[in-house]
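Participant: Below is a structure I'd like to ask you about.
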């Protein structure tokens, strides 16, 4: 569980850093990367949640 918390903290740091980089530079490349990071995090979270549900159903 500590690994998940550390990954969430790392995700928040990356999102804030990319948001600030875009804000100060105005370069849209940072927004594109931010979108990719958020999309990847969403997909990884959904896959992790599905694996958790499958594990709970199988081990029941």
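Numbering (the working numbering), first residue to last: -8 to 51.
Glycine is no exception: its CB is placed at the ideal position from the N, C-alpha and C atoms.
#1: Along the chain, where does the alpha helix (DSSP H) that runs through residue 36 open and close?
#2: Measure the C-alpha to C-alpha separation of residue 26 and residue 3 and round it to an integer number of angstroms.
#3: Look at the alpha carbon of residue 47 and the alpha carbon of residue 19, and state the distance between them as a whole number of angstroms.
#4: At the level of alpha carbons, what is the spacing between residue 17 and residue 49?
Facilitator: Based on what the coordinates show:
#1: For the purposes of this step, residue 36 is identified with residue 45 of the chain shown, where counting begins at 1. Here the alpha helix (DSSP H) through residue 36 covers 19 to 49.
#2: Residue numbering aside, residue 26 sits at position 35 when the chain shown is read from its first letter. Residue numbering aside, residue 3 sits at position 12 when the chain shown is read from its first letter. Each residue's alpha carbon lies about 13 Å from the other.
#3: Within the chain shown, numbered from 1, the residue matching residue 47 stands at position 56. Within the chain shown, numbered from 1, the residue matching residue 19 stands at position 28. The straight-line gap from Cα to Cα measures roughly 42 Å.
#4: Position 26 of the chain shown, counting from 1, holds the residue named residue 17. Position 58 of the chain shown, counting from 1, holds the residue named residue 49. Per the coordinates, the alpha-carbon of residue 17 lies some 49 Å from the alpha-carbon of residue 49.
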